[in-house]
Amino acid sequence: QRLRLGAQLGRDLTGILYILDEPTIGLHPREQEALWQNLVHLRDQGNTIIVVEHDLDIIRKADHVIELGPGAADEGGYLVFSGTAEDMAKDRDSITGPHLQGSRRLKRHGHKRRSHGQIILRHVKKNNLKDITVAFPLGCLVCVAGVSGSGKSTLVTDELYHALRCRPEEGSSKKKKTKLVLKGGLSAMPEVILVDQAPLVKARSSMPATYMGIFTRIRAVFSRTPEARSRGYKAGYFSLTRKGGRCERCRGQGSIDLDLQYLPPIKITCDLCGGMRYNREALGIRYKGLNMAEVLDMTVKDAAGFFARIPRIRRPLEVIERIGLGYLKLGQPACTLSGGEAQRLKLARELAKQTRDSTIYIMDEPSRGLHPRDMEKFILVLDELLEQGHSIILIENQPEILDLADWIIELGPKGGPEGGAIVAEGPPDTAKK
Ligand SMILES: [Zn+2]
231 QRLRLGAQLG
241 RDLTGILYIL
251 DEPTIGLHPR
261 EQEALWQNLV
271 HLRDQGNTII
281 VVEHDLDIIR
291 KADHVIELGP
301 GAADEGGYLV
311 FSGTAEDMAK
321 DRDSITGPHL
331 QGSRRLKRHG
341 HKRRSHGQII
351 LRHVKKNNLK
361 DITVAFPLGC
371 LVCVAGVSGS
381 GKSTLVTDEL
391 YHALRCRPEE
401 GSSKKKKTKL
411 VLKGGLSAMP
421 EVILVDQAPL
431 VKARSSMPAT
441 YMGIFTRIRA
451 VFSRTPEARS
461 RGYKAGYFSL
471 TRKGGRCERC
481 RGQGSIDLDL
491 QYLPPIKITC
501 DLCGGMRYNR
511 EALGIRYKGL
521 NMAEVLDMTV
531 KDAAGFFARI
541 PRIRRPLEVI
551 ERIGLGYLKL
561 GQPACTLSGG
571 EAQRLKLARE
581 LAKQTRDSTI
591 YIMDEPSRGL
601 HPRDMEKFIL
611 VLDELLEQGH
621 SIILIENQPE
631 ILDLADWIIE
641 LGPKGGPEGG
651 AIVAEGPPDT
661 AKK
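In the numbering used here, each number is its position in the sequence shown, counted from 1, plus 230.
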């Protein structure tokens, strides 16, 4: 996106309408300022620029702001505000206004934390990293920052994550030179989980209900209804991946891929089940008045209420809601989730697990595409994990989030060959200096 924008800058075009989708994603504040100067330049040449953006600095500087909302999905879709950023900060209906004005700031709910030990990664030289040795405090919120190409991902997702995953068997005879050193209270290396923004799973039948492991429980509930018992329908009958109650024309997808030979295939709604995914017999089975198709069409929030008396179904749904995804539908195909939604759903699945050993959660730019209001919910969940004694390492450049960190590691000073060194490390106050 930035390359395409760069190509436009050299041309003296006027009267063009440019539309940009979250151009500040992953940018260091310094890079963001450069991007802004480019946008101003295009505007002053006589062009119009429309930016879809959550970043408060960009919103403050815009000539005109349009806010949609107030909630997500069915609770959104209204024009909440239209006008200058100055008026928006004072507007009573605006959700973003209080954040612009500064009266509502992101904050941690727990205390700032002291580390209970650290993991030291020694002599890292991969890509542009300059033979650095980095200490990651445990039990804390650690942010790794730096301009694009400074080596953040190489350090965290390539080197640290892999070193933790591929550690040698304890007590193995070969004493390999280990890159990792554990210091402090823990007796063993913690587990590590990478919560990234990659798509969930490739299976066509994947949806929030299957991903969270509650679909089998919902099927069991339906199989225990008197009607299902009398007809002999077991839980497997309501599966979408095998024959039984599913619609056989679309094989439980609700849609059929139409091959257009030279064009990409398109999806059309199944003409037999009308997108309901089940056959008529299966749809005749109802639990509390709803059939399977209607349950899959429910939002997570509504379903948590609907299954209130079945904790094994309700609890995972409540976790999804807490993380700000209550608007997702149970049966929504996983391929329709954005990268950020996929990342948060992965985190929700981790949170819903009952017992966990001490774990390091690594997340790549979780603030990407999140409104400050959603970010508040996300921070709440991070605090919950820290409270349970886990550790969190974020790759993050947003100043509001860096401010909340217990420890910051900044790589730089530039991107590419001139990056890969540690510019600053310590609590936010130290990094500021
Ligand atoms: Zn069908």
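Every residue, glycine too, gets a C-beta built ideally from N, C-alpha and C. Remember, predicted model here, so these are calculated numbers, not experimental data.
Determine whether the beta carbon atoms of residue i and residue j lie at a separation below 8 Å.
i      : j      : result
TYR508 : CYS477 : yes
LEU430 : ALA302 : no
LEU410 : LEU351 : yes
LEU634 : VAL653 : no
GLU297 : MET318 : yes
ILE448 : VAL525 : yes
ILE664 : PHE468 : Within the shown structure, residues of the chain are numbered from 231 to 663, placing residue 664 beyond reach of any answer.
ASN627 : GLY256 : yes
MET437 : GLY556 : no
TYR391 : VAL372 : no
ILE623 : PHE445 : no
TRP266 : ILE288 : yes
ILE638 : LEU632 : yes
CYS370 : SER621 : yes
From the options, pick the residue whose C-alpha is nearest to that of residue i; which is it?
i      : options                           : result
VAL295 : ALA302, GLN275 and LEU330         : LEU330
LEU424 : TYR557, ALA572, GLN231 and ASP242 : ALA572
ARG516 : GLY556, PHE452 and ARG344         : PHE452
ARG459 : ASP501, GLY514, PRO494 and ARG434 : GLY514
ILE616 : LYS291, LEU368 and ASP361         : What sits at residue 616 in the sequence shown is Leu, not Ile. That would be LEU368, whose Cα lies nearest to the Cα of LEU616.
GLY504 : ARG232, GLN491, LEU490 and ILE486 : ILE486
GLY340 : ILE625, LEU612, TRP637 and ARG598 : LEU612
GLY484 : ASP274, GLU283 and ARG434         : ARG434
THR278 : ILE289, GLY556 and THR244         : THR244
GLY443 : ARG232, GLU252, ALA582 and LYS413 : ALA582
GLY276 : ILE289, ASP242 and GLU263         : ASP242
GLY519 : GLU511, ARG510, MET506 and PHE536 : PHE536
GLN348 : ARG461, MET419, LYS320 and GLU551 : MET419
ALA292 : ILE280, PRO300 and HIS620         : ILE280
ASP388 : ASP361, LYS356 and GLY376         : LYS356
Taking only three categories from DSSP, how would you classify residue i?
i      : result
PRO328 : helix
HIS353 : strand
CYS565 : helix
TYR492 : coil
ILE289 : helix
ASP251 : strand
SER378 : coil
LYS405 : A caution first: LYS405 carries a pLDDT of 44, below 50, which makes its placement in the model unreliable, though a value can still be read off. If DSSP states are grouped into helix, strand and coil, LYS405 belongs with coil.
ALA365 : strand
ALA538 : coil
THR244 : coil
ASP532 : helix
GLU305 : helix
TYR515 : The residue asked about is misnamed: residue 515 is Ile in this sequence, not Tyr. ILE515 falls in the coil class under three-state DSSP.
ASP487 : strand
VAL281 : strand
ARG476 : strand
TYR441 : helix
VAL270 : helix
ALA582 : helix
ARG343 : coil
ILE550 : helix
LEU359 : coil
GLY645 : coil
ARG395 : helix
THR660 : helix
State yes or no: is the beta carbon of residue i nearer than 8 Å to at least one beta carbon in chain C?
i      : result
VAL549 : Among the protein chains of the structure shown there is no chain C, as only one such chain exists.
Where do the N-terminal and C-terminal ends of the alpha helix (DSSP H) with residue i fall, by residue?
i      : result
GLU421 : Unbroken run through GLU421 is the beta strand (DSSP E), 421-425; no alpha helix (DSSP H).
MET593 : Per DSSP, MET593 belongs to no alpha helix (DSSP H); it is in the beta strand (DSSP E), 589-594.
SER469 : Here SER469 belongs to no alpha helix (DSSP H), and DSSP marks it neither H nor E.
HIS319 : Correcting the residue identity first, residue 319 is Ala in this sequence and not His. From DSSP, the alpha helix (DSSP H) with ALA319 extends over 315-320.
VAL386 : Run containing VAL386: none; DSSP gives neither H nor E here.
GLU614 : 602-617
GLY236 : 232-239
LEU526 : 522-526
GLU297 : Looking at the DSSP string, GLU297 is not in any alpha helix (DSSP H); the run it does join, the beta strand (DSSP E), is 295-299.
GLU457 : 456-461
Can you tell me where the beta strand (DSSP E) with residue i in it begins and where it stops?
i      : result
ILE625 : 621-625
VAL411 : 410-413
GLU655 : 651-656
GLU630 : Taken as a continuous stretch (DSSP letters only), GLU630 belongs to no beta strand (DSSP E), being part of the alpha helix (DSSP H) at 629-632.
What I want to know is whether the C-beta of residue i ends up closer than 7 Å to one or more non-hydrogen atoms of ligand 3.
i      : result
GLY484 : Summarising the ligand content, the structure contains ligand 1 and does not contain ligand 3.
(request) Report yes or no: do the stretch 579-590 and the stretch 526-543 share at least 3 C-beta pairs separated by less than 8 Å? (result) Because the criterion of three Cβ pairs below 8 Å is not met, the stretch 579-590 and the stretch 526-543 do not touch.
(message) Measuring CB atoms only, is the stretch 374-386 touching the stretch 642-659, in the sense that at least three cross pairs come out at less than 8 Å?
(response) In short, these stretches touch, since the Cβ pair count reaches three.
(request) Flag this pair as touching only if the stretch 595-611 and the stretch 439-453 have three or more C-beta atom pairs under 8 Å; answer yes or no. (result) no
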